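Under our numbering, the residue at position 115 of the sequence shown is numbered 182, and the numbers go up by one with no gaps.
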Amino acid sequence: MAPTPAPPHTRTRPNLGRIRRAAAAAVAALTAAALLSACGYGSKAEGTSSGDANSTAAAGSSAAGGKLSADTVKIGYFANLTHGTALVGLQEGLFQKELDGTRIRTQVFNAGPAEIEALNAGSIDIGWIGPSPAINGYTKSDGKSLKIIGGSASGGVKLVVNPDRISSLDDLRGKKIATPQLGNTQDVALLNYLAGKGYKVDASSGAGDVSVVRTDNKVTPDAYKQGSVDGAWVPEPTASKLVTLGAKVLLDEKDVWPDKKFVITNIIVSQKFLREHPDVVEAVLRGSVDTNAFIKANPDKAKADANEAIRKESGNALEPAVLDPAWADIDFLDDPLAGTLQAEADHAVTAGLLKLPRSSSAGAGANLNGIYDLTLLNKVLAAKGQGPVADAGLGTR
């Protein structure tokens with residue numbers, strides 16, 4: 068990815084020294100990008116580098132004129148619409164505006180486990196990620212690797228089916244339903260839904276009254292066309308891609324949640340980076356809050372930004388028949404919807420896909436105490452005259 072220029076309203080008249088500094092930064096960015104390699108989809112993926120997004124200001128200075136504590140922040144995300152806050156904010160320069168001279172180095176991932184590995188290894192500092200990988204990363208490290216510091220998106224997940232094979236939600240027995248990955252957020256949601264309908268499925272193998280077929284989102288449309296699966300519980304834009312192939316939406320996942328809201332994308336940070344560079348983390352959160360406001364105020368421009376970012380990463384933009392309904396189904400928000408994260412963790416424990424210590428209270432669910440630190444997010448929101456968001460009792464321990 069080429070260095071991101073400063074937004075138009077922050078540019079000043081160039082001088083020779085600035086031009087030389089910008090040229091040097093561009094060379095450094097290209098060199099860094101060349102040293103990082105790309106790899107494919109799946110839990111073994113390492114992520115692909117998108118290089119540096121640099122401003123021309125002196126490294127380490129903030130938009131407010133003060134010096135930030137890190138010269139570079141490494142940010143990870145997926146080239147998915149449900150990561151639209153990251154896509155739009157980077158495309159519009161809203162993160163760079165807040166970070167100013169602190170350079171952004173981005174890394175694009177195809178699977179949550181790879182992003183968690185990168186966070187643990189220090190390859191990224193902050194990431195946009197789904198709830199299940201965040202839960203797994205936190206619990207497998209005994210609560211030492213990451214914190215969830217903000218929300219990003221809700222919704223954007225559907226059960227779509229072949230209408231010639233499945234006519235109702237009571238007609239799933241004996242059918243093959245795809246999910247993106249064993250134990251991922253949509254996999255857990257489908258297993259929980261099927262259990263609630265009385266279907267018995269072995270969570271590990273996917274065998275049972277309904278066959279749960281773990282299939283990469285890139286492969287699912289072809290599997291559907293070939294008749295290998297009868298439907299899929301998948302995020303956008305895969306759900307809308309399947310609809311263009313003749314599938315029908317049988318269930319929108321938001322309809323099974325209270326208030327029709329559930330977390331689909333969080334913002335996480337390594338605890339080490341949070342301790343050492345809280346000012347940089349706060350700047351990224353300001354950029355995130357500003358981006359979500361921009362998305363709400365400029366939905367068409369934001370949608371185009373996200374599609375352009377996807378085109379840059381994948382080589383192909385989404386067609387309007389896929390992009391428009393997919394984008395419309397996603398809610399971008401700052402609230403991490405912490406109560407729904409607890410519910411998703413409990414669903415994974417019930418399915419046997421996640422082993423968590425139980426809380427000391429009788430009958431209580433899986434213990435995620437300490438997974439959230441919303442201190443900086445609530446500081447940013449307060450500065451904008453907005454009320455705080457809650458951590459559902461799962462705050463810093």
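A virtual CB, placed ideally from N, CA and C, is assigned to each residue, including glycine. These numbers were taken from a predicted model, which means no experiment stands behind them.
Sorted by chain position, which residues of the same chain lie with C-beta nearer than 7 angstroms to residue i's C-beta, five sequence neighbours on each side aside?
{"i": "residue 372", "result": "154, 155, 158 and 159"}
{"i": "residue 315", "result": "227, 228 and 230"}
{"i": "residue 374", "result": "384, 385 and 390"}
{"i": "residue 445", "result": "455 and 456"}
For residue i, which residues in the same chain have their Cβ closer than 6 angstroms to its Cβ, ignoring the five residues on either side in sequence?
{"i": "residue 290", "result": "282 and 296"}
{"i": "residue 335", "result": "194, 196, 201, 213 and 215"}
{"i": "residue 250", "result": "420"}
{"i": "residue 408", "result": "198 and 330"}
{"i": "residue 191", "result": "141, 143, 174 and 185"}
How many Å lie between residue i and residue j at the Cα?
{"i": "residue 332", "j": "residue 134", "result": "30 angstroms"}
{"i": "residue 404", "j": "residue 436", "result": "15 angstroms"}
{"i": "residue 340", "j": "residue 174", "result": "17 angstroms"}
{"i": "residue 419", "j": "residue 270", "result": "7 angstroms"}
{"i": "residue 422", "j": "residue 390", "result": "37 angstroms"}
{"i": "residue 351", "j": "residue 184", "result": "21 angstroms"}
{"i": "residue 142", "j": "residue 237", "result": "43 angstroms"}
{"i": "residue 416", "j": "residue 137", "result": "38 angstroms"}
{"i": "residue 182", "j": "residue 217", "result": "17 angstroms"}
{"i": "residue 123", "j": "residue 163", "result": "Reliability fails at residue 123, whose pLDDT of 28 lies under 50, so the model's placement of it is uncertain and no value is given."}
{"i": "residue 483", "j": "residue 395", "result": "Examination of residue 483 is not possible in this model, given that the chain is present from 68 through 464 alone."}
{"i": "residue 367", "j": "residue 359", "result": "13 angstroms"}
{"i": "residue 452", "j": "residue 354", "result": "16 angstroms"}
{"i": "residue 294", "j": "residue 171", "result": "43 angstroms"}
{"i": "residue 261", "j": "residue 210", "result": "30 angstroms"}
{"i": "residue 258", "j": "residue 302", "result": "15 angstroms"}
{"i": "residue 204", "j": "residue 284", "result": "22 angstroms"}
{"i": "residue 277", "j": "residue 263", "result": "13 angstroms"}
{"i": "residue 466", "j": "residue 298", "result": "Any question about residue 466 goes unanswered here, given that the chain covers just 68 to 464."}
{"i": "residue 292", "j": "residue 309", "result": "9 angstroms"}
{"i": "residue 286", "j": "residue 180", "result": "19 angstroms"}
{"i": "residue 144", "j": "residue 460", "result": "27 angstroms"}
{"i": "residue 150", "j": "residue 369", "result": "12 angstroms"}
{"i": "residue 169", "j": "residue 268", "result": "49 angstroms"}
{"i": "residue 313", "j": "residue 176", "result": "29 angstroms"}
{"i": "residue 365", "j": "residue 450", "result": "22 angstroms"}
{"i": "residue 382", "j": "residue 349", "result": "32 angstroms"}
Would you say residue i and residue j are within 8 angstroms of each other, going by their C-beta atoms?
{"i": "residue 330", "j": "residue 401", "result": "no"}
{"i": "residue 256", "j": "residue 320", "result": "yes"}
{"i": "residue 279", "j": "residue 193", "result": "no"}
{"i": "residue 244", "j": "residue 300", "result": "yes"}
{"i": "residue 252", "j": "residue 208", "result": "no"}
{"i": "residue 397", "j": "residue 223", "result": "yes"}
{"i": "residue 447", "j": "residue 347", "result": "no"}
{"i": "residue 388", "j": "residue 311", "result": "yes"}
{"i": "residue 399", "j": "residue 152", "result": "yes"}
{"i": "residue 232", "j": "residue 242", "result": "yes"}
{"i": "residue 146", "j": "residue 343", "result": "no"}
{"i": "residue 248", "j": "residue 188", "result": "no"}
Write down the C-beta distance between residue i and residue j rounded to the nearest angstrom, noting that I regard them as a contact closer than 8 angstroms.
{"i": "residue 458", "j": "residue 441", "result": "5 angstroms"}
{"i": "residue 361", "j": "residue 161", "result": "7 angstroms"}
{"i": "residue 266", "j": "residue 275", "result": "7 angstroms"}
{"i": "residue 212", "j": "residue 338", "result": "7 angstroms"}
{"i": "residue 393", "j": "residue 288", "result": "Residue 393 to residue 288, Cβ: 13 angstroms. No contact."}
{"i": "residue 228", "j": "residue 148", "result": "Not really, about 21 angstroms apart at Cβ, beyond 8 angstroms."}
{"i": "residue 186", "j": "residue 345", "result": "About 17 angstroms; that fails the 8 angstroms criterion."}
{"i": "residue 439", "j": "residue 462", "result": "5 angstroms"}
Can you tell me which residues form a DSSP beta bridge with residue i?
{"i": "residue 300", "result": "226"}
{"i": "residue 398", "result": "221"}
{"i": "residue 332", "result": "220"}
{"i": "residue 318", "result": "226"}
{"i": "residue 156", "result": "Looking at the DSSP assignment, residue 156 forms no beta bridge with any residue, so it has no partner."}
{"i": "residue 309", "result": "Note: residue 309 sits in no beta bridge, so no partner."}
{"i": "residue 342", "result": "None; residue 342 has no bridge partner."}
{"i": "residue 266", "result": "DSSP lists no partner for residue 266."}
Could you check whether the Cβ of residue i sits closer than 7 angstroms to any heavy atom belonging to the ligand COA?
{"i": "residue 145", "result": "Ligands displayed in this structure: none; no statement on the ligand COA is therefore possible."}
Within its chain, find whatever has a CB closer than 8 angstroms to the CB of residue i; leave out the 5 residues flanking it on each side and keep chain order.
{"i": "residue 327", "result": "222 and 321"}
{"i": "residue 411", "result": "198, 199, 202, 252, 255, 256, 329 and 330"}
{"i": "residue 454", "result": "448"}
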